[in-house]
Amino acid sequence: MNEERRRLAAELYAVSREHDRAQPDRLARFRNVEPDTAALLGVLIRATGARRILELGTSNGYSTIWLADAAEATGGRVVSVDLDPARTELARVNLGAVGLIERVELRREDAAVTLARSGDAAWDFVFLDAERSAYPGYSRDLVRTLASGGLLAVDNVQSHGHELVEFTALIEAEARLTHTVVPVGAGLRLAVRG
Ligand SMILES: C[S@@+](CC[C@H](N)C(=O)[O-])C[C@H]1O[C@@H](n2cnc3c(N)ncnc32)[C@H](O)[C@@H]1O
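Count along the sequence shown from 1, add 2, and you get the number used in my numbering.
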């Protein structure tokens with residue numbers, strides 16, 4: 003990521019943190035991924051050459067900036083979905099400010115619908131960062147839509163592992179995935195298919 007983009011992303015992260023600190027309602031917070039985790043996602047996309055990238059949970063686009071910057075390097079594109087139209091609009095503005103809006107298709111859509119409508123092996127890289135209680139319902143489609151060699155990244159697996167017990171059991175039982183948990187930020191599960 004170039005210096006100008008890095009600076010703008012850091013500014014967005016700082017403003018979002020300030021907003022979240024003053025916001026008692028968890029669901030009203032932006033809850034951006036930690037910068038170290040975001041940077042790791044960018045490295046992984048570059049390392050794997052992922053071009054078809056899906057993000058489930060856009061919020062105001064902080065993580066999307068890192069995914070789209072990496073997509074620019076691989077010649078890929080990002081589809082990012084969120085249920086909240088106001089956040090999707092904020093993400094559009096933030097991605098425009100860093101010159102990455104052309105790399106991203108922002109959809110106001112339920113992650114479950116996005117996954118159900120995705121073809122088999124549709125995605126090279128999936129970043130799952132939405133509402134954890136819904137994840138068990140995604141597990142089958144996550145595996146089905148991940149390409150061979152594709153990577154699934156799931157945030158908050160250490161900070162909120164207790165909320166992910168069922169999902170973790172489901173995907174760890176999936177023989178087509180090989181897993182590890184990276185102790186970066188809130189804890190990032192990585193699972194590669196094949
Ligand atoms: C933790 S935030 C995402 C943070 C973002 N990835 C980042 O790092 O900047 C979770 C987002 O998921 C969205 N969300 C919750 N349930 C969803 C669903 N079923 N489908 C799509 N988005 C959902 C919320 O509106 C919220 O903006």
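Idealized CB from N, CA, C, for every residue including glycine.
Assign residue i to one of two classes, buried (16 or more other C-beta atoms within 10 Å of its C-beta) or exposed (fewer than that).
i, result
"Leu29", "exposed"
"Asp84", "buried"
"Ser150", "exposed"
"Gly63", "buried"
"Val35", "buried"
"Asp122", "exposed"
"Asn4", "exposed"
"Ala73", "buried"
"Arg2", "There is simply no residue 2 to check, as the chain begins at 3 and stops at 196 in what is shown."
Under 8 Å between C-beta atoms, does residue i make it to chain B?
i, result
"Gly121", "In the structure shown, chain B does not exist; there is a single protein chain."
Identify, in the order they occur along the chain, each residue of the same chain with its Cβ nearer than 8 Å to the Cβ of residue i, setting aside the five sequence neighbours on each side.
i, result
"Ala118", "Asp143"
"Val183", "Val159, Gln160, Gly189, Leu190, Arg191 and Leu192"
"Arg110", "Val83, Asp84, Leu85, Asp86, Pro87 and Thr90"
"His162", "Arg134 and Ala188"
"Glu107", "Arg79, Val80, Val81 and Ser82"
"Ala12", "Pro37"
Name the two residues that bound the continuous alpha helix (DSSP H) containing residue i.
i, result
"Ser18", "Glu5 to Arg23"
"Ala171", "Val167 to Glu174"
"Leu102", "Looking at the DSSP string, Leu102 is not in any alpha helix (DSSP H), and its letter there is neither H nor E."
"Asp71", "Tyr64 to Thr76"
Indicate the three-state DSSP secondary structure (helix, strand or coil) for residue i in the structure shown.
i, result
"Thr180", "strand"
"Ala149", "strand"
"Arg31", "coil"
"Asp112", "coil"
"Val128", "strand"
"Leu190", "strand"
"Ala52", "coil"
"Val45", "helix"
Could you give the first and the last residue of the continuous beta strand (DSSP E) run that contains residue i?
i, result
"Ala84", "For clarity, residue 84 is Asp in the given sequence; the question names Ala instead. Start and end: Arg79 to Asp84."
Tell me, to the nearest whole angstrom, how far the beta carbon of residue i is from that of residue j; I am working on the premise that it is less than 8 Å.
i, j, result
"Ala113", "Leu58", "4 Å"
"Asp157", "Asp131", "5 Å"
"Leu153", "Thr50", "6 Å"
Does at least one heavy atom of ligand 3 sit under 7 Å from the Cβ of residue i?
i, result
"Leu85", "This structure simply doesn't include ligand 3; it includes ligand 1 instead."
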